[in-house]
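**Q**
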Amino acid sequence: MKLLYVLVFLIGASVCSAKKEECDGNVGDLWLDVVVVVDNSQRVNEESFVPNIQNSISNIFLGVSIPHTRVGFVTYNSVATVNADLNKFQSYDDLMQGVYNSFNWGNLSPENTSFIATGLTSAAKLLQHQGSDYGRVNYPKVIILYASAYNGTGSLDPLPIANTLIASRITIITIALDTDHNGVIQKQLVSISSFNSAFDLDPDSPGPVQGALINANCFCPHGWLQLYDTYITGSRKYATCFSFFDSPTSWNTAKLACRNLWPGNSYLAMEDNALKHNYILEVTRNDQSFQQPPLQYHIGLKMYHGNWIWDQPYGLPQQYLDWNDWMPNYPVVSSSMTAVMNVQNSTSSGWQNIDPIKVSAGYVCEAVACSVNNFCDANWNTKNQT
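Numbering (mature numbering (1 follows the signal peptide of the UniProt record, and there is no 0)), first residue to last: -18 to -1, 1 to 368.
Put into structure tokens, the structure is as follows:
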């Protein structure tokens, strides 16, 4: 019987795999403010560009709940025109009627010149002026740009404008209109697009653009770091947020502090897979305040009724230990060493079980990111939409 207890203490109960934390979901649950910006110069007055753009917009927003997601519509050439602000369209049918009325063969601009900068600037002003309406301050902002030419210098150079917008957390999705049939515009638009958000015009395949919208809807509040696939060159993001605290405190105090940080949504961090463990470790390694030797921080693993489980917000089911990073000779069998921290010394790094009251260290809080599946209102109250 004693041997059985020791084995359970060492490995925990591996009855649950690491939870999925992808930025995924259904387009019907999107909650965004989107401005569609379309080149209406004579450059698109050939072949089937106009109906293909119309069909592209139609298929991208098919199934999107409007106005839960609001959509504005801007056309541009050498100047831009706001055809619909963010509050005009109250349904999908409204949106498509507005697109057909504002962008068709009969009302293209007579100009041959188009400046992306004018379209981006008009979209940015629309998002700035109306982005906080009706408690929507937290709603992510997106620009979908249909462009046939990359022109402009000085104030008409689109690159600094795009960089400013992306830095202010506005996602830019570009769709190339290759009216010159040479593939150049596709390459040029990558420089002003958010990561992995530059696409070719393909009206019958809206999936990639819809995926970019879902990804844009996955974010963390200011003051939290979002989990990426790597710390230095992160690209793919996940629906997990972290907040780091270097002030030494006990495990029990850290647990309560994390639960109160974002009530109902935050908890002491779960290093339940190698990706999260490595990301947290790299952040702390690059934070001078965590550098006092040895580098150490509390994580949310605890012993409960003979099982190692992860701390969770009140009301959520228990998640048992599966993946682990125990240091050699750990965990130590002890009735008082029932909490866990991560320790890095000169020779190794990994988990040690500790006394939850007597041992002080920094700590890391975790929360579920706002996403298509996890709605966050203006007060950061969350609502699961799955």
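Idealized CB from N, CA, C, for every residue including glycine. Please read all numbers here as calculations on a predicted model, not as lab measurements.
(1) For residue 22 and residue 62, I'd like the C-alpha separation in whole angstroms.
(2) Have a look at residue 144 and residue 51 and give me their C-alpha separation to the nearest angstrom.
(3) Could you tell me the boundaries of the beta strand (DSSP E) in which residue 225 lies?
(4) If we define contact as Cβ-Cβ less than 9 angstroms, is residue 4 a contact residue for chain B?
(5) Suppose the cutoff is 7 angstroms on Cβ atoms and the five residues either side in sequence are ignored; what does the same chain contact list for residue 349 look like?
(6) Which residue or residues does DSSP assign as beta-bridge partners of residue 352?
(7) Assign residue 293 to one of two classes, buried (16 or more other C-beta atoms within 10 Å of its C-beta) or exposed (fewer than that).
(8) To which residues does DSSP link residue 52 through a beta bridge?
(9) How long is the line joining the alpha carbons of residue 112 and residue 187, rounded to whole angstroms?
(10) Could you name the residues of the same chain whose beta carbon sits closer than 6 angstroms to that of residue 172, not counting the 5 residues immediately before and after it, in chain order?
(11) Please report the straight-line C-alpha distance between residue 152 and residue 4, rounded to a whole angstrom.
(12) Residue 169 by DSSP, collapsed to three states: which one?
(13) Please determine, among 93, 94, 92 and 71, the residue with the shortest C-alpha to C-alpha distance to residue 83.
(14) Can you give the beta carbon distance from residue 24 to residue 127, rounded, assuming they're within the 8 angstroms contact cut?
(15) DSSP three-state label for residue 139, please.
(16) Go through its chain and collect everything with a Cβ distance to residue 197's Cβ below 6 angstroms, but skip five positions before and after it.
(17) Determine which residues share a DSSP beta bridge with residue 283 and list them.
(18) How many angstroms separate the CA atom of residue 199 from the CA atom of residue 209?
(19) Give the list of continuous beta strand (DSSP E) stretches no shorter than 3 residues that lie fully inside the segment 241 to 283.
(20) Quick check: the Cα distance between residue 236 and residue 280, rounded to an integer number of angstroms?
(21) Rounded C-beta distance between residue 334 and residue 312? I'm assuming under 8 angstroms.
(22) CB-CB under 8 angstroms to residue 147, same chain, minus the five flanking residues each way: which ones, in chain order?
(23) By Cβ distance, which residues of its chain are closer than 6 angstroms to residue 16, with the 5 residues on each side in sequence left out?
(24) Do you know how far the Cα of residue 93 is from the Cα of residue 202?
(25) Would you mind reading off the limits of the alpha helix (DSSP H) that contains residue 99?
(26) Given this structure, state the Cα-to-Cα distance separating residue 268 from residue 290, to the nearest angstrom.
(27) Going by the CB atoms, is the gap between residue 161 and residue 31 shorter than 9 angstroms?
(28) Locate the beta strand (DSSP E) running through residue 332, then write down its first and last residues.
(29) Going by other Cβ atoms of all chains shown within 10 Å of its Cβ, with 16 needed for buried, is residue 156 buried or exposed?
(30) Since residue 393 contacts residue 277 with CB under 8 angstroms, what's their CB separation in whole angstroms?
(31) Quick one: what does DSSP say residue 325 is sitting in, helix, strand or coil?
**A** To lay it out plainly:
(1) By 1-based counting over the sequence shown, the position of residue 22 is 40. By 1-based counting over the sequence shown, the position of residue 62 is 80. The straight-line gap from Cα to Cα measures roughly 9 angstroms.
(2) Looking up residue 144 in the sequence shown gives position 162. Looking up residue 51 in the sequence shown gives position 69. Cα to Cα, residue 144 sits roughly 22 angstroms from residue 51.
(3) For the purposes of this step, residue 225 is taken as the residue at position 243 of the sequence shown. From DSSP, the beta strand (DSSP E) with residue 225 extends over 219 to 232.
(4) Looking at the structure shown, chain B is missing, and only one protein chain is on hand.
(5) Stepping through the sequence shown from its first residue, residue 349 is reached at position 367. Hits under 7 angstroms: 206, 223, 244, 247 and 248.
(6) Here residue 352 is taken as the residue at index 370 of the sequence shown, counted from 1. Paired residue(s): 201.
(7) As a first step, residue 293 is located in the sequence shown; it is residue number 311 there, counting from the start. Its Cβ being crowded by 16 or more others within 10 Å, residue 293 is buried.
(8) As a working note, residue 52 is residue 70 in the sequence shown. Its beta-bridge partners are 15.
(9) In the sequence shown, counting from the first residue as 1, residue 112 sits at position 130. In the sequence shown, counting from the first residue as 1, residue 187 sits at position 205. Spanning the two alpha carbons is a distance of roughly 30 angstroms.
(10) Numbered from 1 along the sequence shown, position 190 holds the residue referred to as residue 172. 180, listed in sequence order.
(11) Along the sequence shown, read from residue 1 onward, the residue named residue 152 stands at position 170. Along the sequence shown, read from residue 1 onward, the residue named residue 4 stands at position 22. Looking at the two C-alpha atoms, the distance is approximately 21 angstroms.
(12) Translated into the one-based positions of the sequence shown, residue 169 becomes position 187. Helix, per DSSP.
(13) Stepping through the sequence shown from its first residue, residue 83 is reached at position 101. Here the closest residue by C-alpha is 71.
(14) The residue you call residue 24 lines up with position 42 of the sequence shown. The residue you call residue 127 lines up with position 145 of the sequence shown. Actually they are not in contact, since the Cβ atoms of residue 24 and residue 127 sit about 18 angstroms apart, beyond 8 angstroms.
(15) Residue mapping note: residue 139 aligns to position 157 of the sequence shown, counting from 1. Three-state DSSP puts residue 139 in coil, outside helix and strand.
(16) Numbered from 1 along the sequence shown, position 215 holds the residue referred to as residue 197. Once the five neighbours on either side are set aside, the close Cβ partners of residue 197 are 5.
(17) By 1-based counting over the sequence shown, the position of residue 283 is 301. Paired residues: 292.
(18) Your numbering for residue 199 matches position 217 in the sequence shown. Your numbering for residue 209 matches position 227 in the sequence shown. The straight-line gap from Cα to Cα measures roughly 15 angstroms.
(19) 248 to 250
(20) Here residue 236 corresponds to residue number 254 of the sequence shown, with the count starting at 1. Here residue 280 corresponds to residue number 298 of the sequence shown, with the count starting at 1. For residue 236 and residue 280, the distance between alpha carbons rounds to 8 angstroms.
(21) Residue 334 sits at position 352 when you count from the first residue of the sequence shown. Residue 312 sits at position 330 when you count from the first residue of the sequence shown. Indeed they touch by this definition, with Cβ atoms about 5 angstroms apart.
(22) Counting from one through the sequence shown, the residue named residue 147 turns up at place 165. Same-chain partners within the cutoff: 102, 106, 125 and 154.
(23) Numbered from 1 along the sequence shown, position 34 holds the residue referred to as residue 16. Contacts found: 53 and 124.
(24) Looking up residue 202 in the sequence shown gives position 220. Looking up residue 93 in the sequence shown gives position 111. Those two C-alpha atoms are separated by around 42 angstroms.
(25) Walking along the sequence shown from the start, residue 99 turns up at place 117. That run of the alpha helix (DSSP H) goes 98 to 112.
(26) Numbered from its first residue, the sequence shown carries residue 268 at position 286. Numbered from its first residue, the sequence shown carries residue 290 at position 308. Their backbone Cα atoms lie some 29 angstroms apart in a straight line.
(27) Locating residue 31 in the sequence shown gives position 49, counting from the first residue. Locating residue 161 in the sequence shown gives position 179, counting from the first residue. Yes, the Cβ-Cβ distance between residue 31 and residue 161 is below 9 angstroms.
(28) As a first step, residue 332 is located in the sequence shown; it is residue number 350 there, counting from the start. First-last of the beta strand (DSSP E) with residue 332: 331 to 336.
(29) Counting from one through the sequence shown, the residue named residue 156 turns up at place 174. The residue in question, residue 156, is buried, as its Cβ has 16 or more Cβ neighbours within 10 Å.
(30) Past the edges of the chain, shown from -18 to 368, lies residue 393, and the structure says nothing about it.
(31) The count along the sequence shown starts at 1 and reaches residue 325 at position 343. Assignment of residue 325 by DSSP, reduced to helix, strand and coil, places it in the strand class.
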